[in-house]
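Engineer:
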Amino acid sequence: MWKQTEPQAKVIQAAIAAFTKDTGIKVTVQWKGRQVVQQLGPTLNTAHVPADLVDTSDRYAYSGLQALGQALDLSPVLSASVPGESGTVADVIPKHYRDLATTGGTLWQLPYEILTTQIWYNSRALPSVAANPPATWEAFTTLLAARKKARGGSGPLALDADIADYGAYWTYFSVLRELGPGAFGKAAKDTTGASFQQAGFLTAFGRMEALVSGGDFVPGYNGSKWPAVQDGWAEGKSDFLLLGTFAPSETQEFATSGFTYRSFPFPPAAAGGDDTQDISLIGFSIPKKARNAAAAQRFIAYFMAKERLEGISTQAGNLTPRTDIPAPAELADAQKALASGKVTETLDGVKETAAEWYTKVFCPLNTTFLDGGTSAAAFAAKLASGTAQYWSTAE
Numbered sequence: 001m002w003k004q005t006e007p008q009a010k011v012i013q014a015a016i017a018a019f020t021k022d023t024g025i026k027v028t029v030q031w032k033g034r035q036v037v038q039q040l041g042p043t044l045n046t047a048h049v050p051a052d053l054v055d056t057s058d059r060y061a062y063s064g065l066q067a068l069g070q071a072l073d074l075s076p077v078l079s080a081s082v083p084g085e086s087g088t089v090a091d092v093i094p095k096h097y098r099d100l101a102t103t104g105g106t107l108w109q110l111p112y113e114i115l116t117t118q119i120w121y122n123s124r125a126l127p128s129v130a131a132n133p134p135a136t137w138e139a140f141t142t143l144l145a146a147r148k149k150a151r152g153g154s155g156p157l158a159l160d161a162d163i164a165d166y167g168a169y170w171t172y173f174s175v176l177r178e179l180g181p182g183a184f185g186k187a188a189k190d191t192t193g194a195s196f197q198q199a200g201f202l203t204a205f206g207r208m209e210a211l212v213s214g215g216d217f218v219p220g221y222n223g224s225k226w227p228a229v230q231d232g233w234a235e236g237k238s239d240f241l242l243l244g245t246f247a248p249s250e251t252q253e254f255a256t257s258g259f260t261y262r263s264f265p266f267p268p269a270a271a272g273g274d275d276t277q278d279i280s281l282i283g284f285s286i287p288k289k290a291r292n293a294a295a296a297q298r299f300i301a302y303f304m305a306k307e308r309l310e311g312i313s314t315q316a317g318n319l320t321p322r323t324d325i326p327a328p329a330e331l332a333d334a335q336k337a338l339a340s341g342k343v344t345e346t347l348d349g350v351k352e353t354a355a356e357w358y359t360k361v362f363c364p365l366n367t368t369f370l371d372g373g374t375s376a377a378a379f380a381a382k383l384a385s386g387t388a389q390y391w392s393t394a395e
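Numbering (the numbering used here), first residue to last: 1 to 395.
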């Protein structure tokens, strides 16, 4: 997953050195970067799979291992003791995260890093938002109107619209808040496409249309080249940025002096409405034909100890699944939002289970929609017909 110079790699390397010292088990590491599973793929059906342990995102662990029947079930690791602690792996890795990496009873990944999506802002510039973050869509749009006025009519929302995923977050969250977890993913696999023209989807799409037509996105968002807009946000050119928990690390180089990272979840449609948090995982998987699977399982349990895993927070600046490891200060709001345990896979997991539909059908149409090129009703109709057409020819 990582290059050797990245902070997470340094945390893992330190744990490997300690593991070898404590157990006598030697570990050979190859730092392959983000394409590790893709590089491993051609070897999975051979007698000599070259890796006993792989760390990657949940997206690639699923598509490159589990979906191919090549992921070892990690359920036995749950009962393993965490070295130096009184509990087991199951005691320290919450079930709601494990459930996101379980398919058909197979636990195909154990996470050590958690990512979620928040709306980010500078609390030094917006102390009133920190004191009272919007808890409903109505409160959010009221805040946007006030901020747009304060900015002389310039939209307060940052979006690098050339990154299809970033626009997808906006539309997906609107659907999630209106219809709840799983609705988007279910509609993606509706071979008739009709789901996208149901009332709930039209309502969710309508909220996005209102943001676009109302000028709530910063001028130039639909003609920008990433990361111009998010860097501009850090410089104070807009107020709010919908992005994952990597936002602070990506933008801190450009942040104004005294910039204080705070965040709040995408607001529920109404008081008491859905407040599920989206989750992406990074963690360990073991190929089914790994030659040293037992040693690999032992390392997973070893790494989950607080004294080792906390480096993902303190050194790499990210969230861990352990609730007893405090988040970095800039991610404290995100960690608080996850405390309820109400989570769902990012984008309902469609990048794993309907990846081609997502890239070929949804993303192009959604980008045009958020660029202001079509209405909510027209977007729904095109999405419905495009989905039906896609599934009619999909293999």
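Even for Gly, the Cβ is constructed at its ideal location relative to N, Cα and C.
Under the DSSP definition of a beta bridge, which residues are partnered with Q118?
Structural biologist: According to DSSP, Q118 bridges with L243.
Engineer: Report the residue from Q109, G236, Q35 whose alpha carbon sits nearest the alpha carbon of L126.
Structural biologist: That would be G236, whose Cα lies nearest to the Cα of L126.
Engineer: Using 7 Å as the threshold, is the C-beta distance between V29 and G64 below it?
Structural biologist: No, they are not a contact pair.
Engineer: CA-CA distance, A378 and I119?
Structural biologist: Distance between the alpha carbons of A378 and I119 is about 27 Å.
Engineer: In whole angstroms, what is the alpha-carbon distance linking D91 and S249?
Structural biologist: Going from the Cα of D91 to the Cα of S249 covers about 30 Å.
Engineer: What are the boundary residues of the alpha helix (DSSP H) that L281 is part of?
Structural biologist: Premise fails: L281 lies in the beta strand (DSSP E), 277-285, not in any alpha helix (DSSP H).
Engineer: Reducing DSSP to helix, strand and coil, say where A71 ends up.
Structural biologist: Residue state, collapsed to three classes: strand.
Engineer: Could you name each continuous beta strand (DSSP E) segment of 3 residues or more that falls completely within the stretch 35-97, going from the start of the chain to the end?
Structural biologist: List check, beta strand (DSSP E) in window: 54-57.
Engineer: If you draw a straight line from the C-alpha of I325 to the C-alpha of K10, how long is it?
Structural biologist: Straight-line Cα distance between these residues: approximately 18 Å.
Engineer: Go ahead and pull the three-state DSSP assignment for S263.
Structural biologist: S263: strand per DSSP, three-state reduction.
Engineer: Could you tell me if D52 is buried or exposed, where buried requires 16 or more neighbouring beta carbons within 10 angstroms of its beta carbon?
Structural biologist: Label assigned to D52: buried.
Engineer: Shorter than 7 Å from the beta carbon of H96 to some beta carbon of chain D?
Structural biologist: Here chain D cannot be found, since the structure has a single protein chain.
Engineer: Under the assumption that G258 contacts R124 (Cβ atoms under 8 Å), give the Cβ distance between them as a whole number of angstroms.
Structural biologist: Contact flag correct, Cβ pair sits at about 5 Å.
Engineer: Along the chain, where does the alpha helix (DSSP H) that runs through T353 open and close?
Structural biologist: Segment 350-353, the alpha helix (DSSP H) holding T353.
Engineer: Going along the chain, which residues of its own chain have a beta-carbon closer than 8 Å to the beta-carbon of A334, five neighbours each way excluded?
Structural biologist: Correct list, in chain order: T116, Q118, T245, S263, L319, A327.
Engineer: Between S375 and S213, what straight-line distance do the alpha-carbon atoms span, to the nearest angstrom?
Structural biologist: For S375 and S213, the distance between alpha carbons rounds to 9 Å.
Engineer: Are A150 and S238 touching if we call contact CB-CB under 7 Å?
Structural biologist: Not in contact: A150 and S238 (Cβ atoms no closer than 7 Å).
Engineer: Could you check which residue in A290, T88, G167, A15 has the C-alpha nearest to that of P364?
Structural biologist: When only C-alpha atoms are compared, the closest one is G167.
Engineer: Going by DSSP, which residues form a beta bridge with L107?
Structural biologist: For L107, which the question treats as bridged, DSSP gives the partners T102.
Engineer: Skipping 5 residues on each side, what residues in its chain have a beta carbon closer than 6 Å to that of Y221?
Structural biologist: Hits under 6 Å: L159, A161, V229.
Engineer: Have a look at T141, A339, I300 and flag the residue whose alpha-carbon is nearest the alpha-carbon of W108.
Structural biologist: The candidate whose alpha carbon is nearest that of W108 is I300.
Engineer: What residue range is occupied by the uninterrupted alpha helix (DSSP H) comprising E345?
Structural biologist: Here E345 belongs to no alpha helix (DSSP H); instead the beta strand (DSSP E) covers 343-345.
Engineer: F217 bridges to which residues according to DSSP?
Structural biologist: DSSP, once it has assigned bridges, lists L157 as partnering F217.
Engineer: Less than 7 Å separating the beta-carbons of W137 and A269?
Structural biologist: Contact flag set, yes.
Engineer: Short of 7 Å in beta carbon distance, which residues of its chain neighbour L72, apart from the five on each side in sequence? Order them along the chain.
Structural biologist: Cβ within range, chain order: I286, P287, K288, A290, A293.
Engineer: Once you ignore the five residues that flank G180 on each side, which residues in its own chain have a CB closer than 8 Å to its CB?
Structural biologist: Closer than 8 Å at the Cβ level, and outside the excluded window around G180, lie D274, T276.
Engineer: Which term fits L143, buried or exposed, when burial requires 16 or more other beta carbons within 10 angstroms of its beta carbon?
Structural biologist: Buried: at least 16 other Cβ atoms inside 10 Å.
Engineer: Nearest-angstrom Cα distance between V54 and A187?
Structural biologist: Near 32 Å, if we compare the C-alpha coordinates of A187 and V54.
Engineer: Please state whether DSSP places E235 in a helix, a strand or coil.
Structural biologist: Here E235 sits in coil by DSSP.
Engineer: If you measure from the CB of N222, is any heavy atom of the ligand COA nearer than 6 Å?
Structural biologist: No copy of the ligand COA occurs in the structure displayed, which carries no ligand at all.
Engineer: Using the rule of at least 16 other Cβ atoms within 10 Å of the residue's Cβ for burial, across every protein chain shown, is L68 buried or exposed?
Structural biologist: Result: exposed.
Engineer: Could you give the first and the last residue of the continuous alpha helix (DSSP H) run that contains S392?
Structural biologist: 376-393 is the extent of the alpha helix (DSSP H) around S392.
Engineer: Return the CA-CA distance between A255 and A101, expressed in angstroms with no decimal places.
Structural biologist: So the two alpha carbons sit approximately 35 Å from each other.
Engineer: For S385, tell me which candidate among Q297, K189, E395 has the shortest Cα-Cα distance.
Structural biologist: Per the Cα distances, K189.
Engineer: Going by CA-CA distance only, name the one from T323, F303, L243 that's closest to S340.
Structural biologist: Of T323, F303, L243, the residue nearest in Cα terms is T323.
Engineer: Please report how far the alpha carbon of R177 lies from the alpha carbon of P267, in whole angstroms.
Structural biologist: Taking the straight line from one Cα to the other gives about 8 Å.
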